[in-house]
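What follows is a set of notes on a single structure, which appears directly below.
2 protein chains.
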Amino acid sequence: MRDGVGYATGMTHTVLTALALVLAAPAAAQTVPAQVEQLRDSALHDEHAWDITEGLTTEVGQRLAGTEAEARARAWAVAKLKAMGFANVRVESFDMPVWTRGAESAEIVAPFPQKLVVAALGNSASTSPEGITGQVVGFETLADLVAAPDAAVRGKIVFVSHAMPRTQDGSGYGYFGGPRRQGPGIASKKGAIAIVIRSIGTDYHRNPHTGVMSFPEGVEPIPAGALTLPDAEQLQRILKRGRPVTMRLTLVSQTGHGQSGNVIAEVPGRDPSLPPVLVGGHLDSWDQGTGAIDDATGVAIATAAAKRIMDSGRPLRTIRIVWFGAEEVGLFGGEDYLKKHGSEPHYALAESDFGAGRIWRVNSNLGKAREAEAKMLQSALAPLGIVPGALDKAEGSDIGPLLDAGMPGVGLSQDGTHYFDLHHTPDDTLDKVDPEELRQNVAAWTAMLAVLAGPIEPDPKRPR
Amino acid sequence: MRDGVGYATGMTHTVLTALALVLAAPAAAQTVPAQVEQLRDSALHDEHAWDITEGLTTEVGQRLAGTEAEARARAWAVAKLKAMGFANVRVESFDMPVWTRGAESAEIVAPFPQKLVVAALGNSASTSPEGITGQVVGFETLADLVAAPDAAVRGKIVFVSHAMPRTQDGSGYGYFGGPRRQGPGIASKKGAIAIVIRSIGTDYHRNPHTGVMSFPEGVEPIPAGALTLPDAEQLQRILKRGRPVTMRLTLVSQTGHGQSGNVIAEVPGRDPSLPPVLVGGHLDSWDQGTGAIDDATGVAIATAAAKRIMDSGRPLRTIRIVWFGAEEVGLFGGEDYLKKHGSEPHYALAESDFGAGRIWRVNSNLGKAREAEAKMLQSALAPLGIVPGALDKAEGSDIGPLLDAGMPGVGLSQDGTHYFDLHHTPDDTLDKVDPEELRQNVAAWTAMLAVLAGPIEPDPKRPR
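Now the structure itself:
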């Protein structure tokens, strides 16, 4: 669904497709080893993932990439992974540019004086502490901004109110994220003094959705912020009154350099000559919530699954756990891993970075020669209510470059219906994690690891 | 339910009570005049209440009592009420003390450095801009704080995490609001340097619930704030680790004096010698949302109902609409009305100040001699899905003193299941108002006015 399936399909086509899938289902069924089933089902009682999620969000909290908070998170991660008994726990460090948030506010000066709630986007230019004041020019869509003559924008504060719809698979985030990703650059090129967008989110709370953007080479950075949905719709109502609207916008930020790193740990396989199965998520978070669903649960799910395999014996292949650093602000951790390990073979890659809603679909891209293994994986997951998806794709932000380079991968798709209610907001906190859904995730990941890294044999060093 | 029914009732008693109510219901049925039914049903298509709510929240926004924002709201109200065609539109002004919010923040300094989201409570003492730092001592309930020895509290920042349950009738707000209302005074008397409470609310968003409190005579004011539920539970988790917890708390505020006022308008009755029916809500709001459900919808519902009566002809009795000023910060508008009009007879009083959820129950206290009228009102409202409630009580904040003095009143109870998700938070914005539920409110209020102020006869000055 992510990559455009269903564009030109009418009802009949859709029904036929669904029917074809139903008819195809029995053919996909594979006998699942009892070991996989047992590991999967016992993982429905998992406590490791909650323990990691609760610990990281409570004892560290927010951990913006490149800051001392992320460094504390790495130290926490190393201690935790060692305490859990993993092998080869280490940090692979790298340097990176760091943007940090300062004071921020927005207010309508005229015609109806009132404050709005705003958050700067990552890499926004900084205003002075007093802010800037300008007339607001509103656009319903990014296309409208693109089409506007420069004269309509020059010297003004651009406002784009493009609304992202709610979807299960998160597929709206690409297209409807345009105002955040491209909007600031387009507005700057047309001479705008700043831009505010409707948050790329689906909730109606006064918690703005931040997120990274960057200005194209040669384009002057301008202050760029996101209004909450209630504030964006308020501004739309004010603009509809037809009188000139003046806004004062303060978005103070600092830029500098810092260090981040990927935290890596392993469950050694019985045959060290075989390529590892890489599972992970990202350790860093945005700065206003505690990064519970983005992405404490991601590292927790992957790690809990690996822990369950480790505690059950010794897998054939090594499981490599990576808690990537600096994902949010530009995939720096993924890039660093690619640089250092991109030439090593990997048996499969999987990343959890879409919250902790229950997993509803499995995609994979293991290659034609491993189709039986891919179908076995589908069969192993089906009892958890997971729909067999594509056999020719996988996804993941940090592992994206490796997948793009043709490495095998698996995508366990979380239900994202409510993900963008919380994504990149102060509301991304522990209370949003449903322990039962988290356990379903761990069960799916455990089953996946049992299929891909198994079979698992008794570990002579760990009497059971 | 509000005043303690059900304390000592076992299951049997409850079932018998329910049965008695069911059996009693037919006896309460009264023939409802066609005029009342027609006005009620046509009000289900009302647009006036939305128009007022949308206009006030968009063109004024927040309107903290005693500030220039509330003054703008009064000017808006006068213009609106005149434009709608009401008579005798006027402001009755009064002076009042004014507390206003400044910079505010909270952070855990040790053992796990992180920011928490806090809002000062109304009448909090101010910290310096640098804030104060102290060790946190936590209490699960207000009773635990009361029971604590002074030595355990002296010099510390008190934290009370008492949690209010969700109820339909809002009855938890009295008892569980104690940490906000009494907590600061109790903490100060024991020598605390500040207090933070778990917000008196039911939602898990990072939007704290403010609200007024006051220190008893002779008790030193201290800084007092409310943490959001996610932050309060985070602080509880941190305290549970058992290490000393240090917090830095900044709650800057200013105090001064200002002017507020009640905005009054009327639908003149055919017989001016009869006492008026007073309907209203409050115009002021807390300072962080736009006061949509607290209480733009309240004034909107009462006013829309009066407008519908006015447009249908001329009622027997005068309808007096009051948009009370300065309710949130201490019922100053209600007090002023009492002082200026408390000795005048009123035929009935009703105030809408519990959001815009659908009305589910009607209470009234019209006196034994008017029981047939009260039952007629029940019958007129039943088709809207409204349960006949008590015949010996009514409620309302600004009209409370008048009701307490024995004046007749009606209480149309809104469904408050979700009210405390929004109450006194930045999230109290227009998008939270359901237009269909708002119309059900207007229909109920219109039916009530048709019963109490009617019958309505053609107005020679307003040909229909």
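Chains as they are written, first to last, in our numbering: chain A, 313 to 776; chain W, 313 to 776. Using N, Cα and C, we set each Cβ at its ideal position, and we do this for glycine too.
Taking 7 Å as the Cβ-Cβ cut-off, the stretch 514 to 529 of chain A approaches chain W at 516, 517, 518 and 519, given in chain order.
Taking every protein chain shown into account, the CB of residue 552 of chain A has fewer than 16 other CB atoms within 10 angstroms, so this residue is exposed.
In this chain, the alpha helix (DSSP H) harbouring residue 492 of chain A covers 490 to 493. Listed in chain order, the positions of the stretch 350 to 374 of chain A with a beta carbon within less than 9 Å of a beta carbon of chain W are 366, 369, 370, 371, 372, 373 and 374. In this structure the stretch 492 to 502 of chain W does not lie against the stretch 704 to 722 of chain W, because fewer than three pairs of beta carbons, one per stretch, are closer than 8 Å. By the criterion of a C-beta distance shorter than 6 Å, residue 764 of chain A is surrounded in its chain by 589 and 660, once the five residues flanking it on both sides are discounted. For residue 549 of chain A, the nearest beta carbon of chain W is closer than 8 Å to its own beta carbon.
For residue 426 of chain W, a Cβ of chain A is located within less than 8 Å of the residue's own Cβ.
Close CB contacts of residue 648 of chain A within its chain, under the 7 Å cut and outside five residues either way in sequence, are with 404, 406 and 574 (chain order). Chain-order list of chain W residues neighbouring residue 545 of chain A: 742 and 743, by C-beta distance under 8 Å.
Interface annotation, residue 739 of chain W: in contact with chain A, CB-CB separation under 8 Å. Cβ neighbours of residue 698 of chain W within its own chain (closer than 7 Å, five residues either side excluded): 671, 672, 673, 674 and 756. Comparing alpha-carbon positions, the option among A/598, A/342 and A/636 lying closest to residue 611 of chain A turns out to be A/636. Rounded to whole angstroms, the Cβ separation of residue 366 of chain A and residue 742 of chain A is 6 Å, and the two are in contact under 8 Å.
Among the residues of chain W, none has a CB under 8 Å from the CB of residue 465 of chain A; the nearest is roughly 25 Å distant.
Secondary structure note for residue 596 of chain A: it is in no beta strand (DSSP E), with a DSSP letter that is neither H nor E. Of all residues in the stretch 469 to 480 of chain A, none places a beta-carbon less than 8 Å from a beta-carbon of chain W. Residue 630 of chain W is a Cβ neighbour of residue 581 of chain W, given a cutoff of 8 Å.
Residues of chain W with a Cβ closer than 9 Å to the Cβ of residue 770 of chain A do not exist, since the nearest Cβ in that chain sits about 37 Å away. For a cut-off of 8 Å, the C-beta gap from residue 377 of chain A to residue 408 of chain A is around 7 Å, short enough to register as a contact. Judged by pairs of C-beta atoms under 8 Å, the stretch 418 to 434 of chain W touches the stretch 535 to 553 of chain W, as three or more such pairs exist. Going by beta carbons, residue 441 of chain A and residue 562 of chain A fall inside the 8 Å limit. At least one C-beta of chain W is nearer than 8 Å to the C-beta of residue 429 of chain A. The Cβ atoms of residue 737 of chain A and residue 520 of chain A lie closer than 8 Å to each other. Using a 10 angstroms sphere on the CB of residue 564 of chain W, the tally of other CB atoms reaches 16 or more, which defines it as buried. Residue 370 of chain W carries a helical assignment under DSSP once its states are collapsed to helix, strand and coil. Rounded to whole angstroms, the separation of the alpha carbons of residue 584 of chain A and residue 677 of chain A is 23 Å.
For residue 542 of chain A, the nearest beta carbon of chain W is closer than 8 Å to its own beta carbon. The criterion of a C-beta distance shorter than 8 Å is satisfied by residue 577 of chain W and residue 400 of chain W. Per DSSP, the unbroken beta strand (DSSP E) holding residue 409 of chain W starts and ends at 399 to 422. Linking residue 724 of chain A to residue 645 of chain A through their CA atoms gives a straight-line distance of about 21 Å.
Closest in alpha carbon position to residue 451 of chain A, among A/685, A/544 and A/640, is A/544.
One Cα belongs to residue 604 of chain A, the other to residue 369 of chain A, and the distance between them is close to 6 Å. Residue environment analysis places residue 473 of chain A among the buried positions, since at least 16 neighbouring C-beta atoms fall within 10 angstroms of its C-beta. Nearest Cα to residue 595 of chain W within the set W/712, W/638 and W/628: W/638. Excluding the 5 residues flanking it on each side, residue 485 of chain A has same chain C-beta neighbours closer than 8 Å at 476, 512 and 732, in chain order.
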